[in-house]
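Undergrad: Can you keep this structure in mind? I'll have questions shortly.
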Amino acid sequence: MNYKWRALLLLWVAFFLQQGTRQIFGATLSSIQGSLGVTAAQIGMVATVFTFAYGLSVPFAGVTADMLNRKWMVVSGVFVFCLGIFASGFAASLGLLLVTYGLLNGIGQSFYYPSATSIIGELHKETRATALSILQMGLYAGIIGCSVASGFLAEGGANGWRVPFKVFGGIGVVWALVLAFGLRGKISDSKTPNIESNKPSLKEALKVFLSNPSALLLAAGLGMMVYVDVGFKTWMPSHLQSTFGIASGSAALHAVLWHYLGAFVGVTLGSRLSDRLVAKRPSVRMETNMAGLALAVPFIAWMAYAPSLAACCVAMALFGVFRGVYDSNLMASLFDIIPQKYHASGAGIMLSCAFVFGSTSPVVLGFMKDTFSSSTGIASLAGFYLAGAGVIFIARHRQYFRNNNQPLTINNQQPAANNQQSPTNH
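Just so we're aligned, residue 13 is where the sequence shown starts under my numbering, counting upward by one.
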């Protein structure tokens, strides 16, 4: 197997574990809350601390990855966050869970994504959006697999929720060793520009990103999406349990299965379409992002107030299709408008902005559930998707259509077909 695809496979499994272990918490939330005897707002704080810790750490992880070896950033990140997941299975109090799941897990996970997407972005030129979309499928598969397994395991008694943390955390520690031997330290591809000798500083990376209005707007759009995503994954299993009276295992299954099956369809269609059209229409990646968020809005509202479980599952699936359309060009849009040497640091800064903002969602939705209803909290998420579509529309206009509706890129240069040339040429 060609190394670029073998590396993608190794990183795919790691992404499966990274995203899947996040959903263990949502799938077992009711059991953890009952076991520890805390309120909805208090247990929501665990997810908030995790998201906030991730958001604060990820820009430093991204810049460090651009300066150091991205392979070892990935390896160390997988090891640290899986160690945190494993230790969460032994947490006896809310405070310990805040440390193991919130801090250790959040900081460790921040090491992975900027480095992994940067590695893939360098290895894949003509197939960039497709490769990143295949990676994105690891998110869907991980969330479905870990959520279903965790939900059913949580039904095995008062401490059943601890088992999936121990199982998946242990598997992840082992996979970190596989990555250490399977990934190359440097990309040995003669077609790949050598950027190792021109490594950016933190100040330089921040200056490049913060001076690019379109990149900032993409970060704002991602922040809206992350707010919805974190709130949805944290509270949807509980919402299904309380609204339709189903068991935790069934709730964990339905909360992710239909949504991410839909997302699988959306990310496949979105990536293939944008890769085909980008040579003729440089703005297509941002337009795909924008359409995905906007078209998902009515289905989020329907999902919140669906009169039956079947109707709710249909709404979640359609919400997932358009969420997948957005996901299909999430990082490809950013990589189109910033130089290649800043890909990892740019991704880290973008994720930081998004996750710091999105970290408030679990507590806010927990408060809304305690004060109003879970349906009210879920329905409020639609407004954030609509706002996200709006800011990406502005980013698209600024980046590509500021001169009498003529396509523009950085320095008014057209991007090469299917990203065959490095963004450093812009």
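Glycine is no exception: its CB is placed at the ideal position from the N, C-alpha and C atoms. Because the structure is a prediction, the values reported are computed rather than measured.
1) Which residues mark the beginning and the end of the alpha helix (DSSP H) in which residue 117 is found?
2) Classify residue 449 as helix, strand or coil using the three-state DSSP reduction.
3) Considering only the beta carbon of each residue, do residue 367 and residue 53 sit closer than 7 angstroms?
4) Flag this pair as yes or no: are the beta carbons of residue 276 and residue 397 separated by less than 7 angstroms?
5) Using C-beta distances below 6 angstroms, list every residue in its chain close to residue 394, excluding the 5 sequence neighbours before and after it, in chain order.
6) Can you check whether the CB of residue 352 is closer than 7 angstroms to the CB of residue 158?
7) Can you give me the Cβ contacts of residue 5 inside the same chain, cut-off strictly under 8 angstroms, excluding the 5 residues immediately before and after it?
8) Going along the chain, which residues of its own chain have a beta-carbon closer than 8 angstroms to the beta-carbon of residue 187, five neighbours each way excluded?
9) Buried or exposed: which applies to residue 286, given that a residue is buried once 16 or more other Cβ atoms fall within 10 Å of its Cβ?
10) What is the DSSP secondary structure of residue 350, counted as helix, strand or coil?
11) Classify residue 290 as helix, strand or coil using the three-state DSSP reduction.
12) Do residue 72 and residue 371 have their C-beta atoms closer together than 7 angstroms?
13) Excluding the five sequence neighbours on either side, which residues of its own chain have a C-beta within less than 6 angstroms of the C-beta of residue 128, listed in chain order?
14) Which term fits residue 243, buried or exposed, when burial requires 16 or more other beta carbons within 10 angstroms of its beta carbon?
15) Can you grab the Cα-Cα spacing for the pair residue 110 / residue 365, in whole Å?
16) So for residue 251, helix, strand or coil by DSSP?
17) Taking one C-beta from the segment 261-271 and one from the segment 294-307 each time, how about it: are there three or more such pairs within less than 8 angstroms?
18) Which residues in the same chain as residue 17 place their Cβ atom closer than 6 angstroms to its Cβ, once the five residues preceding and following it in sequence are excluded?
19) With residue 409 as the anchor, note down where its alpha helix (DSSP H) starts and where it stops.
20) Buried or exposed: which applies to residue 169, given that a residue is buried once 16 or more other Cβ atoms fall within 10 Å of its Cβ?
21) Are residue 391 and residue 316 touching if we call contact CB-CB under 7 angstroms?
22) Are residue 260 and residue 163 closer than 7 angstroms when you measure CB to CB?
23) So which of 62, 156 and 219 has the shortest CA-CA distance to residue 361?
24) Of the residues 412, 305 and 369, which one's Cα is nearest the Cα of residue 290?
25) Among 101, 173 and 146, whose alpha-carbon lies nearest the alpha-carbon of residue 283?
26) Among 340, 174, 165 and 344, whose alpha-carbon lies nearest the alpha-carbon of residue 281?
27) Measuring only the C-alpha atoms, how far is residue 416 from residue 235?
28) How about residue 305 and residue 400: do their beta carbons lie closer than 7 angstroms?
29) Does DSSP classify residue 31 as helix, strand or coil?
30) With respect to the alpha helix (DSSP H) encompassing residue 355, which residues constitute its N-terminal and C-terminal limits?
31) To the nearest angstrom, report how far apart residue 21 and residue 131 are at their CA atoms.
32) Judging by CA-CA distance, which residue of 114, 345 and 333 is the nearest neighbour of residue 149?
33) Along the alpha helix (DSSP H) that carries residue 301, what are the first and last residues, could you check?
34) Counting along the chain, where does the alpha helix (DSSP H) carrying residue 383 start and finish?
35) What does the alpha-carbon distance come out to for the pair residue 174 and residue 293?
TA: Put simply:
1) 117-122
2) Since the first residue shown for the chain is 13 and the last is 438, residue 449 is missing from the structure and cannot be characterised.
3) no
4) no
5) 309, 312 and 313
6) Between residue 158 and residue 352, the gap from beta carbon to beta carbon reaches 7 angstroms or more.
7) One cannot answer for residue 5 here, as it falls past the ends of the chain, which runs 13 to 438.
8) Cβ neighbours of residue 187 beyond the five flanking positions: 25, 26, 29, 90 and 94.
9) buried
10) coil
11) coil
12) no
13) 23 and 86
14) buried
15) 21 angstroms
16) Look at residue 251 here: in three-state DSSP terms it is helix.
17) A contact is defined here as three or more CB-CB pairs under 8 angstroms, and the segment 261-271 fails this definition with respect to the segment 294-307.
18) For residue 17, where only same-chain residues beyond five positions count, there are no Cβ hits under 6 angstroms.
19) Here the alpha helix (DSSP H) through residue 409 covers 386-412.
20) exposed
21) yes
22) yes
23) 219
24) Of the listed residues, the one whose Cα sits closest to residue 290 is 412.
25) Comparing Cα positions, the closest option is 146.
26) 340
27) Below a pLDDT of 50, predicted positions are generally treated as unreliable, and residue 416, at 42, falls in that range; the measurement from the model is reported next regardless. Near 30 angstroms, if we compare the C-alpha coordinates of residue 235 and residue 416.
28) Closer than 7 angstroms, so yes.
29) helix
30) Start and end: 355-370.
31) 12 angstroms
32) 333
33) For residue 301, the enclosing alpha helix (DSSP H) stretches over residues 296-317.
34) Counting along the chain, the alpha helix (DSSP H) containing residue 383 begins and ends at 373-383.
35) A direct Cα-Cα distance of roughly 50 angstroms separates residue 174 from residue 293.
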